[in-house]
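In full-length UniProt numbering, the protein residues as written are 1 to 114. Beta carbons are placed, not taken as given, at the ideal position from N, Cα and C, and that holds for glycine. All values reported here derive from a predicted model rather than from experimental measurement. Have a look at the structure below, then the notes.
Following this line, the structure appears as structure tokens:
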């Protein structure tokens, strides 16, 4: 008597937890779905390759031609130009200087002192 399992006796069972659906990724710039062929990751942010642009001049960037500062992306020439224009990262990129923030904290502490 043959005791081997015959493949015709039992139907193949598929795992119910397996799915071809993958979580949708959203572009950090345009907030639309990013598909694998157009996906670009810079500083742990996902972009369409066409949405990855310089904040200053809107030129298309590549992974080898960008500089990032506080979540904003620039082409290397504009990154250098904005830094050189004021001599520091804060003023060159439109932010308050850290020394101004410190000065305001010091004046707050002096006025709160008894």
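Taking the CA atoms as reference points, residue 69 sits about 27 Å from residue 37. As summarised for the UniProt domain "LIM zinc-binding" (25-85), there are no continuous alpha helix (DSSP H) elements at least 4 residues long confined to that stretch. In this structure, residue 45 sits away from residue 53, with a CB-CB distance that is not shorter than 8 Å. Within the same chain, Cβ atoms closer than 6 Å to the Cβ of residue 25 are found at 34, 46, the five residues on either side in sequence being excluded. For the options 31, 30, 63, 58, the alpha carbon positioned closest to that of residue 43 is the one of 63. Taking residue 75 as the centre and dropping the five residues before and after it, the same chain places the C-beta of 54, 57, 59, 61, 65, 66 closer than 7 Å to its C-beta, in chain order. In this structure residue 40 does not touch residue 28 by the C-beta definition: roughly 10 Å separates them, more than the 8 Å allowed.
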